[in-house]
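In our numbering, the protein residues as written are 5 to 439.
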Amino acid sequence: MKRISGIFLRVFLIIAIIISLILSWLIWTNNAKYQQGVQVGTIQTVNRRSVVTTKSMNEIFSPTKIIINDTHSQRLIYNYKYSTVREIFQQIKQARLSRPRQIAVNDSVRYQKLLHQKNSLQLVYPTTLTINTIAHLISQKRLQQNPDADIDRIVLILQGQQQQLYFLSDHNFAIYKVRQRHLNYHRIHKLVQDNNFSALVDTQVHDHAVHLLFLKPITLKPVSYLITKQSNNNYISNLLNSKQGSDITTHKINDRIIYRNGMYRLLDVDSRNDLVNFVDYSKTDIPDNVPDILNESYRALVKIGNPLNGTYLYNYDRKNQNLIFRNYVEGFPIFQQSKNGTVKVEFSHNGQNLLFSKKILQVPVPAEQKSIRLPATSDIITGLKDNGYNIHDIQKITIGYKWSDDSQNREIVDLTPAYYVKMNNQWKTYADWIN
């Protein structure tokens, strides 16, 4: 009996050793793969939390709204689990697209009809880009054309044999038709159906512009985030190209610290509002075209080193050659994080200028406020009119999140949904305008 139990014990020990060796091998090999994956991207540790600072260029400059037209209504949709826009663009990227052909211009009636085409999908940009920019972002060289053309939205017709793709320009109501092959409409249908936010809207052409109106009141939840701040040394290293700091001169003026590296680079940090202004006087050449402008601004974003999660281009001012980027939460832009959004990139013959905030959204925390009910857009317009504003002075109306520092905890920021109205080139909440 003892002999049999001894044999079982030896067998058990041998099996345990084999299992231990297998587990050790799996740990070693997976750890090596993990380390390789980390080295590929840019990782930065902020308050013991690792956040990926890199984000692909086609995501930064992607559309921010998806509008679908079914047989009876038009709806703005969003998915909290993943980026539907990114997934749809992946499908477009894998298709074969032809060079665009202009089929209409300055035809608001035809434009409005296409915006409301049944069984269609709109991908809407927050600012005007160009066809060649989109071609570059989705690696479709056949789309490129000369001269380049502005676009504000992409329309996909999803019905039967009429599956077509269009580029649209809100500025002059130009419509460009694109022939496509191998576009996976079945996959796109599934992506559109898999949404967990939906609001009834109407896209209207009015006063030589296109406006998105919410037809019914919508309810949105306030959100709170734990925030962190990068140290000045990070920006000195990233922007002033100084690892040791020995070649940096420092000058303090009240709450501002100004760092200089020679004659050409200046970093101005304001501790009162955590805003940073970086100027590179050596970069006096302005890129010749929109794709190059976006390329250069993307490189500037990456060089700053702040995490780019949730960051999108919000406005491109071609006249003054500046771009404003904003953080988005729950599918809507954040306002009042700073005067200039998340980052403002300015190009001029006097140098390149970057204005940005040190405050970084880190992780969401439970919000104390209850859900907020926002009225239909028509009620906002009526309210402005009743308070003496000329409705023709309204440049844009959108829903966004208002950034407010928490009164009890400096490390928390409260984001509250509100209507924002742009008049006189200023964004203010509806409440601020009528008050």
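Where a beta carbon is used, it is the ideal one built from N, C-alpha and C, also for glycine.
Between the beta-carbon of residue i and the beta-carbon of residue j, is there less than 8 Å?
| i | j | result |
| --- | --- | --- |
| A304 | L219 | no |
| P379 | Y405 | no |
| Q149 | I135 | yes |
| I398 | V425 | yes |
| G387 | I438 | yes |
| I179 | L118 | yes |
| S124 | L162 | yes |
| I401 | T433 | no |
| V347 | F360 | yes |
| P226 | Q373 | yes |
| S408 | V349 | no |
| N331 | L365 | yes |
| L101 | L147 | yes |
| I72 | V209 | no |
Check for me: the beta strand (DSSP E) holding residue i runs from which residue to which?
| i | result |
| --- | --- |
| Q399 | 398–409 |
| R79 | 78–82 |
| A108 | 105–108 |
| K69 | 69–73 |
| A203 | 201–210 |
| T132 | 124–134 |
| P368 | 363–369 |
Which partner residues of residue i appear in the DSSP bridge assignment?
| i | result |
| --- | --- |
| Y263 | T254, L271 |
| T223 | R377 |
| Y424 | T402, T433 |
| D284 | R269, Q356 |
| N319 | I328 |
| A178 | S173 |
| I338 | Y405 |
| D418 | S228, S408 |
Quick one: measure Cβ to Cβ for residue i and residue j, integer angstroms, because I've assumed they're closer than 8 Å.
| i | j | result |
| --- | --- | --- |
| N281 | D272 | 4 Å |
| T131 | Y318 | 6 Å |
| K363 | K233 | 6 Å |
Residue i to residue j, Cα distance in whole Å?
| i | j | result |
| --- | --- | --- |
| K59 | L172 | 27 Å |
| Q126 | A371 | 32 Å |
| I96 | I142 | 8 Å |
| V306 | Y320 | 18 Å |
| I376 | I222 | 8 Å |
| T315 | P291 | 22 Å |
| D284 | K122 | 50 Å |
| I47 | G309 | Confidence at I47 is low in this model, with a pLDDT of 33, below 50, so the placement of that residue should be treated as unreliable; the coordinate-derived value is given next. Rounded to the nearest angstrom, the two C-alpha atoms are 9 Å apart. |
| L217 | D211 | 14 Å |
| I70 | E415 | 33 Å |
| N188 | N428 | 44 Å |
| Y170 | I155 | 10 Å |
| G345 | R276 | 17 Å |
| R90 | T253 | 44 Å |
| A108 | K181 | 9 Å |
| N419 | N237 | For the sequence presented, residue 419 should be read as Leu rather than Asn. Going from the Cα of L419 to the Cα of N237 covers about 29 Å. |
| D274 | D390 | 40 Å |
| N313 | W431 | 23 Å |
| Y129 | T68 | 6 Å |
| S66 | Q168 | 20 Å |
| N245 | Y268 | 12 Å |
| G41 | Y82 | Because the pLDDT at G41 is just 32, under 50, the model does not fix this residue reliably, and the value given afterwards should be weighed accordingly. Those two C-alpha atoms are separated by around 30 Å. |
Assuming residue i is part of the alpha helix (DSSP H), what are its boundary residues?
| i | result |
| --- | --- |
| Q95 | 88–98 |
| A153 | Premise fails: A153 is in no alpha helix (DSSP H) and is neither H nor E. |
| L119 | 112–119 |
| H215 | Here H215 belongs to no alpha helix (DSSP H); instead the beta strand (DSSP E) covers 213–218. |
| S241 | 236–243 |
| P295 | 294–308 |
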